[in-house]
Amino acid sequence: MRRILILLTGGVVTVAFAGLGTAGLATASGGRATLELRQTKYGKILVNGGGRTLYMFAADKRNKDNCITRINCLMVWPALTTTGKPVAKSGVKSSLIGTIKLSNGKTQVTYAGHPVYTYIADSRAGQTFGEGVLQSGARWYVLNGAGKVIKK
Numbered sequence: 002m003r004r005i006l007i008l009l010t011g012g013v014v015t016v017a018f019a020g021l022g023t024a025g026l027a028t029a030s031g032g033r034a035t036l037e038l039r040q041t042k043y044g045k046i047l048v049n050g051g052g053r054t055l056y057m058f059a060a061d062k063r064n065k066d067n068c069i070t071r072i073n074c075l076m077v078w079p080a081l082t083t084t085g086k087p088v089a090k091s092g093v094k095s096s097l098i099g100t101i102k103l104s105n106g107k108t109q110v111t112y113a114g115h116p117v118y119t120y121i122a123d124s125r126a127g128q129t130f131g132e133g134v135l136q137s138g139a140r141w142y143v144l145n146g147a148g149k150v151i152k153k
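Each step along the sequence shown adds one to the number in the numbering used here, with nothing skipped, and position 88 is 89.
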């Protein structure tokens, strides 16, 4: 599968197309988000209901999405959104799940206060290509079941 990313740096735009469906990027249209744990080379990490890795953005503040304020950040790092109360699967602490309202009107899922996102370069479940990536002014990391950042 051919992948090219959308990158914005110093006003230069590189546009690419990813042969990705929408499944796993966020929630199914109008659905409740599901969070679960999946075993990876980083240990058990937080994933969405489709098995896609969830990331935190180091520039975010507790319960505050700063990706939305950066040009095209959400195009590369789609926020995990929900239209109802998110569902915690085995190993995920429901007490750590929350939501925040974004300026675009959507409701984003948080875990331990971290707004969570998928990564467009992760084209299928279990991939962790976004771990440690420096993009949109800060690094991106996976989270464990306790909501702690895992750095490679």
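Using N, Cα and C, we set each Cβ at its ideal position, and we do this for glycine too.
I'd like to know whether the C-beta atoms of residue i and residue j end up nearer to each other than 9 Å.
i	j	result
Val93	Glu37	yes
Leu55	Ile69	no
Met57	Tyr142	yes
Arg39	Gly52	yes
Arg140	Ala59	yes
Gly146	Val88	no
Gly138	Arg71	yes
Starting from residue i, follow its DSSP beta bridges and name the residues at the other end.
i	result
Trp141	Phe58
Ile98	Tyr112
Ala80	Tyr118
For the beta strand (DSSP E) that contains residue i, what are its first and last residues?
i	result
Val48	Gly44 to Asn49
Leu36	Thr35 to Thr41
Is it the case that the CB of residue i approaches a heavy atom of the ligand ADP more closely than 8 Å?
i	result
Val134	The ligand ADP is absent from the structure shown, which contains no ligand whatsoever.
Roughly how many angstroms separate the alpha carbons of residue i and residue j, rounded to a whole number?
i	j	result
Ala80	Ser91	22 Å
Thr78	Ser95	As written in the sequence, residue 78 is Trp, which differs from the Thr given in the question. Straight-line Cα distance between these residues: approximately 23 Å.
Tyr43	Gln136	20 Å
Lys149	Tyr112	9 Å
Asp66	Ala126	24 Å
Asp61	Lys86	22 Å
Asp123	Gly133	14 Å
Lys153	Thr41	12 Å
Leu103	Gly32	17 Å
If you follow the alpha helix (DSSP H) that residue i is in, where does it begin and where does it stop?
i	result
Leu75	Cys74 to Val77
Am I right that residue i and residue j are in contact with their C-beta atoms under 8 Å? What's the rounded C-beta distance?
i	j	result
Leu144	His115	6 Å
Thr84	Thr100	About 10 Å separates the two Cβ atoms, so there is no contact after all.
Met48	Thr82	A small correction: the amino acid at residue 48 is Val; Met does not occupy that position in the sequence shown. Not confirmed; about 15 Å, so no contact.
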